[in-house]
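J.: Here it is, the structure in full.
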DNA sequence: AAAATTTTTAATCAAATGATTAATTCCGGA
DNA sequence: TCCGGAATTAATCATTTGATTAAAAATTTT
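Chains as they are written, first to last, in UniProt numbering: chain A, 1 to 203; chain B, 1 to 203.
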């Protein structure tokens with residue numbers, strides 16, 4: 001009962017992808033050796049090239065996936081003309097913080113990907129209408145015409161994403177933050193919307 | 001008139017360091033080849049090892065420099081018991097945004113360094129008293145006992161630093177932000193302190 | 001100027017690494 | 001059962017890359 005192939009949990013192809021996700025996310029493209037991935041997947045090195053042609057092709061696959069989960073969460077919310085501004089802010093904060101709590105390496109991975117391959121990144125986001133034309137930007141502008149909506153868009157991302165990117169640094173600067181990190185991030189689900197509302201009042 | 005050695009601008013050792021700063025900052029440790037550095041410095045590859053022993057040693061030198069400029073700007077301000085909370089916030093925002101405008105690759109470099117070598121990073125910051133014991137933390141707590149000072153410390157860094165880290169992404173998501181980036185960052189020198197004051201009122 | 005020391009270079013090495021090849025194993029359909 | 005294609009592997013290649021060596025050039029010291 002199930003699929004036609006009742007494999008031991010995962011197909012080789014999927015094991016490789018899974019290992020690639022893990023290793024690429026942890027070490028980045030350049031520091032990752034294809035042998036690392038093969039070992040983590042428990043398969044022969046040649047299989048990697050058999051299924052994915054090259055290290056670069058495999059990386060692009062992973063990158064596309066990760067960029068999708070990062071921006072896929074954001075764009076639909078920004079666009080939605082139905083929901084209120086406060087709803088959007090709340091939704092973004094809540095979902096991002098949850099997602100990043102489960103994927104702590106995602107922010108740095110995405111930031112590096114965007115920096116190292118802006119062309120590919122741009123191609124991947126082809127067809128996405130500019131953020132400043134979004135319902136979100138319009139609602140921001142309406143609520144506070146004195147501050148460019150760009151700023152508040154940057155701010156909500158900063159407040160949600162950056163803490164995860166700098167977590168390793170925070171843990172050194174303040175071990176207390178390290179131990180409470182998860183609790184702090186949970187608190188931020190409610191705090192970020194409050195802070196955003198407060199910032200929206202600033203002229 | 002000047003030094004005893006009137007070299008053609010820079011000594012070989014300094015040319016290598018300068019090139020290493022540039023290449024390491026642009027591509028990161030793993031993606032950088034020592035030959036890239038030698039070429040950028042206009043010197044023979046063997047000279048790099050002659051002066052600095054190894055790629056890793058040279059990288060650590062650069063990393064130390066960059067971490068110092070990143071945190072050297074922050075820690076003294078946090079500690080100062082004289083200045084007011086508002087002064088501290090204003091100073092941090094102003095200085096960070098100026099510095100990062102001149103060193104756009106610094107944030108991602110520092111974030112990666114902290115993630116990839118937390119031990120070395122910790123060793124480098126040895127002797128630095130924890131942020132939560134700083135005058136800054138105490139003043140935050142005093143001004144708003146309802147929100148953990150950790151949050152507001154995270155927030156000011158997020159609002160100042162993250163925009164530079166995600167600039168390449170912002171430029172794709174919104175070309176307008178790309179063209180105005182510098183102007184926007186200048187505006188933030190005044191906006192971040194206003195936003196922080198507004199956030200400090202949030203219970 | 002000669003000797004000694006430091007700086008610089010071309011050539012080379014050994015290890016690492018992405019990729020390929022050719023052989024072997026596995027598996028479903030005739 | 002045997003065939004044929006797909007999956008998997010061990011062995012190998014070619015290139016890249018960090019590092020070293022030995023010699024040459026430049027500089028300093030005596």
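Glycine residues also receive a C-beta, built at the ideal position from the N, C-alpha and C atoms. Note that this is a predicted model, so its numbers are computed, not measured.
Who are the near neighbours of residue 10 of chain A in its chain, counting only those whose CB is closer than 8 Å to its CB and skipping five residues on each side?
T.: Translated into positions along the first chain, residue 10 of chain A becomes position 10. Contacts found: 18.
J.: Which residues in chain A sit within 7 Å of residue 198 of chain B, going by Cβ to Cβ distance?
T.: Taking the second chain and counting its residues from 1, the one referred to as residue 198 of chain B is at position 198. Near residue 198 of chain B (Cβ distances below 7 Å), the residues of chain A are 198, 199, 201 and 202.
J.: Are the beta-carbon atoms of residue 43 of chain A and residue 20 of chain A separated by less than 8 Å?
T.: One-based indexing of the first chain puts residue 43 of chain A at position 43. One-based indexing of the first chain puts residue 20 of chain A at position 20. Contact: no.
J.: Taking Cβ positions, are residue 59 of chain B and residue 24 of chain B nearer each other than 8 Å?
T.: For the purposes of this step, residue 59 of chain B is taken as the residue at position 59 of the second chain. For the purposes of this step, residue 24 of chain B is taken as the residue at position 24 of the second chain. Contact: yes.
J.: So, helix, strand or coil for residue 145 of chain B, using DSSP?
T.: Indexing the second chain from 1 puts residue 145 of chain B at position 145. Residue state, collapsed to three classes: coil.
J.: Once the 5 residues before and after residue 185 of chain B are set aside, which same chain residues still bring their CB inside 7 Å of it?
T.: Residue numbering aside, residue 185 of chain B sits at position 185 when the second chain is read from its first letter. Only 97, 101 and 163 meet the Cβ criterion.
J.: Using a Cβ-Cβ cutoff of 7 Å, what residues of the region 55-88 of chain A are near chain B? List them in chain order.
T.: For the region 55-88 of chain A, which is checked against every Cβ of chain B, not one residue is closer than 7 Å.
J.: Please tell me whether residue 115 of chain A has its Cβ less than 8 Å away from any Cβ of chain B.
T.: Within the first chain, the letter at position 115 stands for residue 115 of chain A. Yes, residue 115 of chain A lies at the interface with chain B (some Cβ there is under 8 Å from its Cβ).
J.: Can you tell me whether residue 46 of chain A is buried or exposed, with buried defined as 16 or more other CB within 10 angstroms of its CB?
T.: Sequence index remark: in the first chain, residue 46 of chain A carries index 46 (1-based). With fewer than 16 Cβ atoms within 10 Å of its Cβ, residue 46 of chain A is classed as exposed.
J.: Which residue marks the beginning of the alpha helix (DSSP H) containing residue 11 of chain B, and which one marks its end?
T.: Locating residue 11 of chain B in the second chain gives position 11, counting from the first residue. Run containing residue 11 of chain B: none; DSSP gives neither H nor E here.
J.: Taking only beta-carbon positions, decide if residue 1 of chain B is within less than 8 Å of chain A.
T.: Taking the second chain and counting its residues from 1, the one referred to as residue 1 of chain B is at position 1. Interpretation of residue 1 of chain B is limited by its pLDDT of 31, a score under 50 that renders its predicted location unreliable; the figure taken from the coordinates is listed afterwards. Not an interface residue.
J.: So residue 78 of chain B packs on residue 134 of chain B, CB below 8 Å; how close in whole Å?
T.: By 1-based counting over the second chain, the position of residue 78 of chain B is 78. By 1-based counting over the second chain, the position of residue 134 of chain B is 134. Right, the Cβ-Cβ distance comes to about 4 Å (below 8 Å), so this counts as a contact.
J.: Specify the secondary structure class of residue 178 of chain A as computed by DSSP and reduced to three states.
T.: Locating residue 178 of chain A in the first chain gives position 178, counting from the first residue. Reduced to three states, the DSSP call for residue 178 of chain A is helix.
J.: Sort B/122, B/14, B/176 and B/169 by Cα distance to residue 148 of chain A and report the nearest one.
T.: The count along the first chain starts at 1 and reaches residue 148 of chain A at position 148. When each option's Cα is compared against that of residue 148 of chain A, the closest is B/176.
J.: Suppose the cutoff is 8 Å on Cβ atoms and the five residues either side in sequence are ignored; what does the same chain contact list for residue 139 of chain B look like?
T.: Position 139 of the second chain, counted from the first residue, corresponds to residue 139 of chain B. 84, 85 and 88, listed in sequence order.
J.: Going by beta carbon distance, what residues of the same chain come within less than 6 Å of residue 63 of chain A, once the five residues before and after it are set aside?
T.: In the first chain, counting from the first residue as 1, residue 63 of chain A sits at position 63. Only 113 meet the Cβ criterion.
J.: For the region 82-140 of chain B, which segments carrying the alpha helix (DSSP H) assignment without a break, of at least 4 residues, lie completely within its bounds, in sequence order?
T.: Counting only runs that start and end inside the region 82-140 of chain B, the alpha helix (DSSP H) elements of at least 4 residues fall at 85-102, 106-116 and 118-124.
J.: Are residue 124 of chain B and residue 150 of chain B close, meaning C-beta to C-beta below 8 Å?
T.: Working through the second chain from its first residue, we reach residue 124 of chain B at position 124. Working through the second chain from its first residue, we reach residue 150 of chain B at position 150. Not in contact: residue 124 of chain B and residue 150 of chain B (Cβ atoms no closer than 8 Å).
J.: Nearest chain A C-beta to residue 6 of chain B closer than 8 Å, yes or no?
T.: The sequence position of residue 6 of chain B within the second chain is 6, counting from 1. The pLDDT assigned to residue 6 of chain B is 40, lower than 50, so where the model puts this residue is not dependable; a value taken from the coordinates is nonetheless given after this. So, not an interface residue.
J.: Beta-carbon within less than 6 Å of residue 74 of chain A's beta-carbon, same chain only, minus the 5 sequence neighbours each way: which residues are those?
T.: As a working note, residue 74 of chain A is residue 74 in the first chain. Cβ within range, chain order: n/a, list empty.
J.: Please list, in chain order, the chain B residues whose beta carbon lies closer than 8 Å to that of residue 165 of chain A.
T.: Within the first chain, numbered from 1, the residue matching residue 165 of chain A stands at position 165. The answer, in chain order, is 111, 162 and 165.
J.: Apart from the five residues on each side of it in sequence, which residues of its chain come closer than 6 Å, Cβ to Cβ, to residue 178 of chain B?
T.: By one-based count along the second chain, residue 178 of chain B stands at place 178. Correct list, in chain order: 171.
J.: Taking the Cβ atom as the reference point for each residue, do residue 156 of chain B and residue 93 of chain B lie within a distance shorter than 8 Å?
T.: Counting from 1 along the second chain, the entry for residue 156 of chain B is found at position 156. Counting from 1 along the second chain, the entry for residue 93 of chain B is found at position 93. Their beta carbons are under 8 Å apart, which means residue 156 of chain B touches residue 93 of chain B by this criterion.
J.: If you drop the 5 nearest sequence neighbours on each side, which residues of the same chain put their C-beta closer than 8 Å to that of residue 28 of chain A?
T.: Taking the first residue of the first chain as position 1, residue 28 of chain A is located at position 28. Hits under 8 Å: 109 and 112.
J.: Please go through the same chain and pick out, in chain order, the residues whose beta-carbon is closer than 7 Å to the beta-carbon of residue 15 of chain B, but skip the five residues on each side of it.
T.: Translated into the one-based positions of the second chain, residue 15 of chain B becomes position 15. Closer than 7 Å at the Cβ level, and outside the excluded window around residue 15 of chain B, lie 41, 42 and 43.
J.: Cutting at 6 Å between CB atoms, please list the residues of its own chain near residue 95 of chain A, excluding the five before and the five after it.
T.: Position 95 of the first chain holds residue 95 of chain A. The answer, listed in chain order, is 73.
J.: Does the CB of residue 131 of chain B have a neighbour CB from chain A at under 8 Å?
T.: Position 131 of the second chain, counted from the start, is the residue given in the question as residue 131 of chain B. True, the Cβ-Cβ gap to chain A drops below 8 Å.
J.: Residue 122 of chain B versus chain A: which residues are under 9 Å apart at the beta carbon?
T.: Position 122 of the second chain holds residue 122 of chain B. The answer, in chain order, is 171 and 172.
J.: I'd like the list of long-range same chain contacts for residue 1 of chain B, defined as Cβ closer than 6 Å, with 5 residues on each side in sequence excluded.
T.: Indexing the second chain from 1 puts residue 1 of chain B at position 1. Interpretation of residue 1 of chain B is limited by its pLDDT of 31, a score under 50 that renders its predicted location unreliable; the figure taken from the coordinates is listed afterwards. Closer than 6 Å at the Cβ level, and outside the excluded window around residue 1 of chain B, lies no residue.
J.: Just to confirm before moving on: does the CB-CB distance between residue 67 of chain A and residue 121 of chain A stay below 8 Å?
T.: On the first chain, residue 67 of chain A is found 67 positions in, with the first residue counted as 1. On the first chain, residue 121 of chain A is found 121 positions in, with the first residue counted as 1. The answer is yes: Cβ separation under 8 Å.
J.: Quick one: Cα of residue 192 of chain B to Cα of residue 115 of chain B, how far?
T.: As a position in the second chain, residue 192 of chain B is number 192, starting the count at 1. As a position in the second chain, residue 115 of chain B is number 115, starting the count at 1. Distance between the alpha carbons of residue 192 of chain B and residue 115 of chain B is about 27 Å.
J.: Which stretch, first to last residue, makes up the alpha helix (DSSP H) that contains residue 34 of chain B?
T.: Stepping through the second chain from its first residue, residue 34 of chain B is reached at position 34. Residues 34-41.
J.: Could you tell me which chain B residues have their CB closer than 7 Å to the CB of residue 168 of chain A, listed as they occur along the chain?
T.: Counted from its first residue, the first chain places residue 168 of chain A at position 168. Residues of chain B passing the Cβ test: 114, 115 and 118.
J.: Skipping 5 residues on each side, what residues in its chain have a beta carbon closer than 8 Å to that of residue 65 of chain A?
T.: Translated into positions along the first chain, residue 65 of chain A becomes position 65. Answer for residue 65 of chain A: 21, listed in chain order.
J.: Between the region 42-56 of chain A and chain B, which residues of the former have a C-beta closer than 9 Å to a C-beta of the latter?
T.: Listed by position along the chain: nothing, the set is empty.
J.: So, using beta-carbon positions, are residue 182 of chain A and residue 174 of chain B closer together than 8 Å?
T.: Taking the first chain and counting its residues from 1, the one referred to as residue 182 of chain A is at position 182. Taking the second chain and counting its residues from 1, the one referred to as residue 174 of chain B is at position 174. It is not a contact, given that the beta carbons lie outside the stated cut-off.
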